[in-house]
């Protein structure tokens, strides 16, 4: 399933890549990219994680939409 998700995106601004290593190796690469301010600004790099307000706002909409679809008042 994960490989299919990575290879079937049609969005022009989504680029999937495979990393050899574990989660910590991948997280280290991401931290390095965010710490490179020139790169981060040049490619408009942004991140969303469990404490990022953008993710929380998107999830609020998802939860209310799901609740309404299931018949909540």
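Residue numbers (the working numbering): 1 to 73.
Glycine included, C-beta positions come from ideal geometry on N, C-alpha and C.
- Within the segment 18–52, the alpha helix (DSSP H) runs of at least 4 residues that lie entirely inside it are, in chain order, 23–35, 37–42.
- DSSP places residue 7 within a helical segment (H, G or I) once states are collapsed to three.
- Judged by DSSP in its simplified three-state form, residue 1 adopts coil rather than helix or strand.
- Annotation: residue 51 to residue 57 spans about 11 Å, alpha carbon to alpha carbon.
- Exclusion of the five residues before and after residue 40 leaves 33, 34 as the residues of its chain whose Cβ lies within less than 7 Å of its Cβ.
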